[in-house]
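As you go down the protein sequences, you meet chains B and E in turn.
So the first sequence is numbered by this note's numbering: it starts at 2 and just counts up by one.
So the second sequence is numbered by this note's numbering: it starts at 2 and just counts up by one.
C-beta atoms are modelled at their ideal positions from N, C-alpha and C, and glycine is treated no differently.
2 protein chains.
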Amino acid sequence: MQDTTHLSGVLAPVLTPFSDDGRPDSDRLIEHCEWLLDEGCNGLVPFGTTSEAASLGLDERMELLEDLIDSGVDPARLMPGTGTPSLADTVTLTEHAVDLGCGGVLVLPPYFYKDATTEGLFRYYAELIEGVGDHRLRLYLYHIPQMTGVPITADLIGQLASEFPDEIAGMKDSSGNMAITLLLVEAFPDLAFFPASEALLMEGLKHGVAGCISATANVQPGAIRALFDGVESGDAQWLHDRVSAVRSAILKSPTIPGLKALVAHYRNDPQWLVVRPPLLAMDATEQAHLVGELQRDLDFTLSIVASV
Amino acid sequence: MQDTTHLSGVLAPVLTPFSDDGRPDSDRLIEHCEWLLDEGCNGLVPFGTTSEAASLGLDERMELLEDLIDSGVDPARLMPGTGTPSLADTVTLTEHAVDLGCGGVLVLPPYFYKDATTEGLFRYYAELIEGVGDHRLRLYLYHIPQMTGVPITADLIGQLASEFPDEIAGMKDSSGNMAITLLLVEAFPDLAFFPASEALLMEGLKHGVAGCISATANVQPGAIRALFDGVESGDAQWLHDRVSAVRSAILKSPTIPGLKALVAHYRNDPQWLVVRPPLLAMDATEQAHLVGELQRDLDFTLSIVASV
Chain B
2 MQDTTHLSGV
12 LAPVLTPFSD
22 DGRPDSDRLI
32 EHCEWLLDEG
42 CNGLVPFGTT
52 SEAASLGLDE
62 RMELLEDLID
72 SGVDPARLMP
82 GTGTPSLADT
92 VTLTEHAVDL
102 GCGGVLVLPP
112 YFYKDATTEG
122 LFRYYAELIE
132 GVGDHRLRLY
142 LYHIPQMTGV
152 PITADLIGQL
162 ASEFPDEIAG
172 MKDSSGNMAI
182 TLLLVEAFPD
192 LAFFPASEAL
202 LMEGLKHGVA
212 GCISATANVQ
222 PGAIRALFDG
232 VESGDAQWLH
242 DRVSAVRSAI
252 LKSPTIPGLK
262 ALVAHYRNDP
272 QWLVVRPPLL
282 AMDATEQAHL
292 VGELQRDLDF
302 TLSIVASV
Chain E
2 MQDTTHLSGV
12 LAPVLTPFSD
22 DGRPDSDRLI
32 EHCEWLLDEG
42 CNGLVPFGTT
52 SEAASLGLDE
62 RMELLEDLID
72 SGVDPARLMP
82 GTGTPSLADT
92 VTLTEHAVDL
102 GCGGVLVLPP
112 YFYKDATTEG
122 LFRYYAELIE
132 GVGDHRLRLY
142 LYHIPQMTGV
152 PITADLIGQL
162 ASEFPDEIAG
172 MKDSSGNMAI
182 TLLLVEAFPD
192 LAFFPASEAL
202 LMEGLKHGVA
212 GCISATANVQ
222 PGAIRALFDG
232 VESGDAQWLH
242 DRVSAVRSAI
252 LKSPTIPGLK
262 ALVAHYRNDP
272 QWLVVRPPLL
282 AMDATEQAHL
292 VGELQRDLDF
302 TLSIVASV
């Protein structure tokens with residue numbers, strides 16, 4: 002049964018398709034989200050890094066989220082990214098998501114100022130929480146220092162969780178540093194931690210992570226869900242090895258154009274290749290190479306039926 | 002006579018005051034801008050780094066710009082910052098500024114993706130220029146790699162200037178690397194280059210920079226203008242030494258809170274101390290220390306009447 006009060010399990014940071022007029026494409030997005038949920042994703046993260054969220058306009062983000070929920074996706078299963086460099090815009094997006102009933106929001110630190118202090122970041126999140134002023138807010142901190150240059154430290158988590166125990170729900174940790182993630186899990190047992198990779202899921206689950214939010218869940222959601230559900234079964238290591246191998250192979254190419262090229266291939270829909278600048282779409286040769294490298298593994302991984 | 006077709010000379014990246022309700026304060030902004038122009042600034046850059054532009058919402062930026070122009074400031078003397086990580090939002094802000102008749106716009110590269118390629122950045126700016134689609138657009142590239150992690154390279158400038166010779170007007174170079182700036186001035190004689198410091202103005206003007214866009218112009222605009230106008234006079238070295246010393250002293254503190262503390266002191270208006278998180282305002286002790294360190298020098302520098 003889906004737990005509608007806390008997000009956990011396998012979450013996909015959903016790729017954002019674009020129409021041939023360059024606008025985000027709601028229909029293709031909804032179709033992809035429905036497939037991800039059918040395959041076994043416990044939840045979805047629209048407007049994560051993999052979603053090219055930084056390249057979307059404020060209005061585009063709000064319209065896409067409304068379209069997605071209007072299509073019938075349960076908002077309790079959504080954790081949209083609502084972080085921008087600006088407190089004002091982040092309040093706008095976060096209020097909007099909470100009003101729509103989203104189960105959580107994923108919030109980047111303000112990432113223009115590289116020398117932000119712990120106190121400055123605390124005040125940023127505190128003013129966000131107070132600005133939204135809604136007891137339904139469940140805020141997941143987004144630690145991705147390789148993109149933001151602004152880390153979410155244990156000190157900051159501690160201060161925020163202590164001041165806002167109802168609103169601070171957890172963290173997505175995209176650092177890839179599992180040793181640190183596990184120290185945080187131990188230090189903050191009431192919070193939900195999500196590493197950003199299915200390759201860290203098996204070890205993480207043994208130590209109390211809530212699940213994972215992984216880019217490559219866009220193409221192998223069912224197999225990752227099978228690993229999540231079967232982590233104590235005899236198949237766990239085998240599943241871990243398979244999904245990790247597929248992930249590693251995909252990450253040899255630029256992640257977002259590569260994932261879109263795979264979706265374009267499997268849906269036989271070249272419109273899925275489109276990315277927004279500064280990203281560059283894969284050309285046909287690069288796409289064919291990636292598909293060639295991955296097809297056998299990915300066909301097999303896709304055929305793993307999630308035990309849900 | 003003010004050249005209304007090209008921006009040059011001393012430009013101030015205008016500090017953004019906030020009201021006691023936390024909103025940007027148009028009245029204080031207008032008062033400060035009028036003072037800066039009266040003191041001799043050739044132009045103003047609302048929504049630069051010093052303006053806490055990254056912390057302002059899209060609507061706030063557009064409303065402030067409208068208020069400023071409605072107050073009577075000549076839009077031809079304005080080069081608002083319109084860059085955000087998102088192409089969609091950047092088109093919105095840029096169209097708005099061009100529609101209002103602004104003499105230029107200052108555009109950051111999209112700064113979420115740290116591994117952007119030259120081709121990706123070219124496509125970003127190209128789609129911006131084509132999206133705005135207005136022959137009045139004069140775009141200044143904003144090179145500030147210490148904040149963005151995304152440099153504007155000579156290759157990128159060359160490709161853009163070649164493809165969009167009418168729209169690409171110049172660059173603000175906040176790298177502080179004068180040797181590189183001067184190579185760019187030589188390589189692109191049709192573009193206007195602005196280092197981000199009055200301490201680089203004297204040497205720069207000898208080699209063809211267009212002026213400077215300096216944070217500390219918020220507190221010593223007249224003296225910098227006197228240096229700009231008198232760079233070939235016998236007073237140039239003396240003026241250079243004075244404005245450079247004041248600048249260095251200010252930059253020992255966090256720049257934006259420090260500049261606001263100085264304005265708060267000189268206007269006897271503590272509301273000017275307020276910054277948005279993640280920045281932190283100076284407290285009374287820090288303000289008193291900064292003012293104590295600077296008052297004699299700054300009083301003297303402020304007393305230098307611009308020869309305009």
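In DSSP terms, what residue i is bridged to
{"i": "cysteine 213 (chain E)", "result": "E:Val11"}
{"i": "leucine 206 (chain E)", "result": "Bridge partners of leucine 206 (chain E): none, in fact."}
{"i": "phenylalanine 19 (chain B)", "result": "B:Pro25"}
{"i": "glycine 223 (chain B)", "result": "Glycine 223 (chain B) pairs with nothing; no bridge assigned."}
{"i": "glycine 44 (chain E)", "result": "E:Leu12"}
{"i": "phenylalanine 195 (chain B)", "result": "B:Lys173"}
Exposure of residue i, with buried meaning 16 or more beta-carbon neighbours within 10 Å
{"i": "proline 110 (chain E)", "result": "buried"}
{"i": "threonine 302 (chain E)", "result": "buried"}
{"i": "alanine 307 (chain B)", "result": "With a pLDDT of 41 at alanine 307 (chain B), under the threshold of 50, the predicted position of this residue should be treated as unreliable, though the coordinate-derived value follows. That one is buried."}
{"i": "glutamine 3 (chain B)", "result": "Note that glutamine 3 (chain B) scores a pLDDT of 40, beneath 50, so its modelled location is shaky and nothing firm can be said."}
{"i": "serine 249 (chain B)", "result": "exposed"}
{"i": "threonine 5 (chain E)", "result": "Low local confidence applies: a pLDDT of 44 at threonine 5 (chain E) is under 50, so the model's placement there is unreliable, and no value is given."}
{"i": "glutamine 221 (chain E)", "result": "buried"}
{"i": "asparagine 219 (chain E)", "result": "buried"}
{"i": "arginine 243 (chain E)", "result": "buried"}
{"i": "histidine 144 (chain E)", "result": "buried"}
{"i": "proline 190 (chain B)", "result": "exposed"}
{"i": "histidine 286 (chain B)", "result": "The residue asked about is misnamed: residue 286 (chain B) is threonine in this sequence, not histidine. Its Cβ having fewer than 16 others within 10 Å, threonine 286 (chain B) is exposed."}
{"i": "alanine 193 (chain E)", "result": "buried"}
{"i": "leucine 184 (chain E)", "result": "exposed"}
{"i": "serine 304 (chain B)", "result": "exposed"}
{"i": "serine 234 (chain B)", "result": "exposed"}
{"i": "tryptophan 239 (chain B)", "result": "exposed"}
{"i": "serine 163 (chain E)", "result": "exposed"}
{"i": "serine 215 (chain E)", "result": "buried"}
{"i": "glutamine 288 (chain E)", "result": "buried"}
{"i": "arginine 62 (chain B)", "result": "buried"}
{"i": "proline 81 (chain E)", "result": "buried"}
{"i": "proline 86 (chain E)", "result": "buried"}
{"i": "glutamate 187 (chain E)", "result": "exposed"}
{"i": "arginine 124 (chain B)", "result": "buried"}
{"i": "arginine 226 (chain E)", "result": "buried"}
Closer than 8 Å at the beta carbon, the chain B residues around residue i
{"i": "tyrosine 114 (chain E)", "result": "Ala55, Met148, Pro279, Leu280"}
{"i": "leucine 274 (chain E)", "result": "In chain order: nothing, as chain B lies at least about 14 Å away."}
{"i": "proline 111 (chain E)", "result": "Ala55, Ser56, Pro278, Pro279"}
{"i": "proline 86 (chain E)", "result": "Ala55, Ser56, Thr85, Pro86"}
{"i": "threonine 93 (chain E)", "result": "Gly58"}
Within chain E, partners of residue i - CB distance below 8 Å
{"i": "threonine 256 (chain B)", "result": "The contacting residues do not exist; threonine 256 (chain B) stays about 10 Å from chain E at best."}
{"i": "arginine 124 (chain B)", "result": "Pro278, Pro279, Leu281"}
Contacts of residue i in chain E (Cβ-Cβ under 7 Å)
{"i": "glycine 121 (chain B)", "result": "Pro278, Pro279, Leu280, Leu281"}
Neighbouring residues, chain B, relative to residue i (Cβ below 9 Å)
{"i": "glycine 41 (chain E)", "result": "Near glycine 41 (chain E) there are no residues of chain B at all, since even the closest Cβ is about 30 Å away, more than 9 Å."}
Chain B residues whose Cβ lies nearer than 7 Å to that of residue i
{"i": "leucine 59 (chain E)", "result": "Leu59, Asp90"}
{"i": "alanine 117 (chain E)", "result": "Pro279"}
Where residue i meets chain E, residues with beta-carbon distance less than 9 Å
{"i": "glutamate 128 (chain B)", "result": "Gly23, Arg277, Pro278"}
> Unbroken beta strand (DSSP E) runs of length 3 or more, entirely within the region 230 to 296 of chain B: which are they?
Replying inline: The qualifying runs do not exist here; there are none.
>> As an exercise, report each continuous alpha helix (DSSP H) stretch of at least 4 residues that is fully enclosed by the region 109 to 192 of chain E, in chain order.
In response: 119 to 133, 146 to 149, 155 to 164, 179 to 188
>> Under 8 Å: do the region 256 to 266 of chain B and the region 200 to 208 of chain B share three or more Cβ pairs, one atom per stretch?
In response: no
> Does the region 69 to 76 of chain B come close enough to the region 10 to 18 of chain E to have 3 or more Cβ pairs within less than 8 Å?
Replying inline: At 8 Å Cβ cutoff, the stretches do not touch.
> Hey, is the region 50 to 68 of chain B in contact with the region 273 to 283 of chain B, meaning 3+ C-beta pairs nearer than 8 Å?
Replying inline: Below 8 Å, enough C-beta pairs join the region 50 to 68 of chain B and the region 273 to 283 of chain B to call them touching: three or more.
>> Pairs of beta-carbons, one from the region 145 to 158 of chain B and one from the region 127 to 137 of chain B, closer than 8 Å: are there three or more?
In response: no
>> Whether or not the region 61 to 72 of chain B and the region 95 to 103 of chain B are in contact is what I'm after, with contact meaning three or more pairs of Cβ atoms, one per stretch, closer than 8 Å; do they touch?
In response: yes
> In chain order, which continuous runs of the alpha helix (DSSP H) of length 4 or greater are located wholly inside the region 64 to 115 of chain B?
Replying inline: 88 to 100
> If we count Cβ pairs, one from each stretch, closer than 8 Å, do we get three or more for the region 192 to 199 of chain E versus the region 166 to 179 of chain E?
Replying inline: yes
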